[in-house]
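J.:
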Ligand SMILES: NC(=O)c1ccc[n+]([C@@H]2O[C@H](COP(=O)([O-])OP(=O)(O)OC[C@H]3O[C@@H](n4cnc5c(N)ncnc54)[C@H](OP(=O)(O)O)[C@@H]3O)[C@@H](O)[C@H]2O)c1
C-alpha cells in the first residue's frame, strides 16, 4: 500500500489532490477539522482507501497524538507500506488585516496552522518513518506570498517564508541518507478556491489588496484546483523517479 497523507483535504487543492490519489493500492489519509465530503464514496468507486483524521492543526499540543493515530492506522492495515508521502497543504490566510489589529489568540492560531504544525508534523513523521527502507516524500505547499509582501497578510506571508527555509534545511539534512526523505516546496499558483474567495470578500478598509484578488478572478488568472492537483501528482511521480529534482528552490506548478 502507498500512503498519502494530505493535510486539509476537506477543501480546495487538498481535496482535489486526495480525490485524484484515490486509486487501487493507495491509502489516502486526510487531516482536517471538517470531514472531506464525497471522498469515501470516491474511494469505494476507484478501489483506493480513504481515512479522515479529525484534527484542528492549530492545537499544537495534540499533534504528537495525531501522528500516533496515523502510525497506528498504517500498522493496523496489515499490508506493508510501499511508499510514504506527506503533503502539507492545510493553511489559512484569513483574517486579512494589519498585524496590529490581530488579537494574540488570532496570531497564535494563524502561525500554528501555517508554520508550527507543518514543522512539528514533519519532525514527528520523519522520526517515525526513519527506519523504513521505502521511498518517502514530504511536499510543502507554499505560495508566492513567501516572497511578495502584502499589507494585511503579514502572518500568512511570514509563515510561508518560514516553511520555504524549513524545506531548504531539511533537504540538506536528508540528502544522502540511506532512504532519506525527498523534500520539496511547491507553489501551486493562484487557484479558485475558498481561500481566494475569502480574500476577494475581505473588507477593503482592512485589506486594500481585495481589489487585486477580485481583478485576478475577473481577468481569468485563477486556475481550477483540479488542474493544479493533476499537475502536482504528475510532478510528485517525476520526483520519485528523479530525486535530484528537489533542487532547493521552490517548484512552481
Ligand atoms: N488558493 C490560492 O490561490 C493559493 C495560492 C498559493 C498557495 N496556496 C496554498 O495552497 C494550499 C491550499 O489552499 P486552498 O486555496 O486549497 O485553501 P482552502 O480551500 O481554504 O483549504 C484549506 C484547507 O486547510 C485546512 N485547514 C485550515 N485551517 C485548519 C486547521 N486549523 N486545522 C486543520 N486543517 C485546517 C482546511 O480544512 P478544515 O477547514 O476542514 O480544517 C482546508 O481543507 C494552501 O497551503 C495555500 O496556502 C493557495
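In full-length UniProt numbering, the protein residues as written are 1 to 253. Even glycine gets a Cβ: it sits at the ideal position worked out from N, Cα and C.
(1) Rank 173, 59, 208 by C-alpha distance to the C-alpha of residue 149 and give the top, closest one.
(2) Which word fits residue 96, buried or exposed, when buried means at least 16 other C-beta atoms lie within 10 angstroms of its C-beta?
(3) Can we count residue 32 as close to ligand 1, meaning its CB is less than 6 angstroms from some heavy atom?
(4) What residue range is occupied by the uninterrupted beta strand (DSSP E) comprising residue 183?
(5) Between residue 120 and residue 63, what straight-line distance do the alpha-carbon atoms span, to the nearest angstrom?
(6) Leaving out five residues on either side along the sequence, give the residues of the same chain with a beta carbon under 6 angstroms from the beta carbon of residue 109.
(7) Would residue 250 and residue 192 qualify as a contact pair, given that the criterion is a beta-carbon distance under 7 angstroms?
(8) Which residues does DSSP list as the beta-bridge partners of residue 204?
(9) How many Å lie between residue 158 and residue 143 at the Cα?
(10) Near residue 93, which residues of its chain fall below 6 angstroms by C-beta distance, leaving aside the five closest residues on each side in sequence?
(11) With distances taken between CB atoms, is the gap from residue 115 to residue 185 smaller than 7 angstroms?
(12) Mark residue 107 as exposed unless 16 or more other C-beta atoms lie within 10 angstroms of its C-beta, in which case mark it buried.
(13) Around the Cβ of residue 212, are there at least 16 other Cβ atoms within 10 angstroms (buried) or fewer (exposed)?
(14) Is it right to say residue 66 is buried, meaning 16 or more other beta carbons lie within 10 angstroms of its own, or is it exposed?
(15) Could you check where the alpha helix (DSSP H) with residue 15 kicks off and where it finishes?
(16) Tell me whether residue 133 sits in a helix, a strand or coil according to DSSP, three-state version.
(17) Among 32, 197, 118, which one has its Cα closest to the Cα of residue 215?
(18) Mind checking whether the beta-carbon of residue 164 lies closer than 6 angstroms to any heavy atom of ligand 1?
(19) Is residue 263 near ligand 1, in the sense that its beta carbon is under 6 angstroms from a heavy atom of that ligand?
T.: Taking the structure as given:
(1) Checked all of 173, 59, 208; the closest Cα to residue 149 is 208.
(2) Residue 96 counts as buried, since no fewer than 16 other beta carbons sit within 10 angstroms of its beta carbon.
(3) It does: the Cβ of residue 32 is within 6 angstroms (strictly closer) of some heavy atom of ligand 1.
(4) 182–187
(5) Taking the straight line joining both Cα atoms gives about 8 angstroms.
(6) 58
(7) The answer is no: Cβ separation not under 7 angstroms.
(8) Per DSSP, none; premise fails for residue 204.
(9) 11 angstroms
(10) 156, 195
(11) no
(12) exposed
(13) exposed
(14) buried
(15) 12–21
(16) coil
(17) 197
(18) no
(19) The first residue shown for the chain is 1 and the last is 253, placing residue 263 beyond what the model contains.
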